[in-house]
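When the letters of the sequence shown are read in order and numbered with the numbering used here, they come out as residues 2 to 166.
Working notes for the structure below.
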Amino acid sequence: MSPAPAVAEIRGPRVETPPAPAQPPPGAPPCAAIAVPGQAQKASLVRHFTRSTLKRWCIASDDLESALLVVGELAANAAQYGRGELAVCLLLQDGTLDIEVSDCGNRTEPQTRYIASEDEEHGRGMTIVEALTSGWETHPRESGWHTRARLRLTRPPARCARITS
2 MSPAPAVAEI
12 RGPRVETPPA
22 PAQPPPGAPP
32 CAAIAVPGQA
42 QKASLVRHFT
52 RSTLKRWCIA
62 SDDLESALLV
72 VGELAANAAQ
82 YGRGELAVCL
92 LLQDGTLDIE
102 VSDCGNRTEP
112 QTRYIASEDE
122 EHGRGMTIVE
132 ALTSGWETHP
142 RESGWHTRAR
152 LRLTRPPARC
162 ARITS
């Protein structure tokens, strides 16, 4: 009878090396995504992710600031009205930045567009999104909502070796 193979005993939590992020095919437009818990206090993570991604893509500072306002409003809405996780995807193509936010919210009809009065503290988010973007749309998904806003860049991204996903 042959001896049993040696087995190393490992104590403590199992640590797995996460897979390397998938690289887009050559020539594909830059894109980046993040998923966070759908909580209002996590909106800062989404803004930080957006800022660092757009800086890496060499987006002009005025466009970057507009994108931060848009992603902040969309993420805040997803956190307020959704439940579970929210996901943000940024796609840069042909001088346009698509900002997409998906949530696991209720499948009820979205509220009609609301115009806040001067003394109201809330209710201006989508008005800001509409003013800064060339358009936005919201669609129901199987489990929640998907909102896309399209931001036309005022200047093309600077030539930059760092424009990778």
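In this text, a Cβ means the ideal position worked out from N, Cα and C, and glycines have one as well.
Look at Ala77 and Asp104 and say whether their C-beta atoms are less than 7 Å apart. no
Backbone secondary structure at Thr134 - three-state DSSP: coil
Alpha carbons only, please: which of Gln94, Tyr82, Leu154 and Val71 is nearest the one belonging to Gly145? Tyr82
Measuring only the C-alpha atoms, how far is Ser135 from Leu75? Whole-angstrom Cα-Cα distance: 15 Å.
Cα-Cα, which of Ile60, Ile35, Ala88 and Leu69 is closest to Asp95? Ile60
Could you have a look at Glu143 and say whether DSSP puts it in helix, strand or coil? Coil, per DSSP.
Host beta strand (DSSP E) of Gln94 (start-end): Glu86 to Gln94
Considering only DSSP beta bridges, list what Cys32 is partnered with. DSSP output for Cys32 lists Leu92 as bridge partner(s).
Burial state of Thr148 (16 or more Cβ within 10 Å): buried
Cβ pair Ala150, Ile100 closer than 7 Å: Ala150 is a Cβ neighbour of Ile100, given a cutoff of 7 Å.
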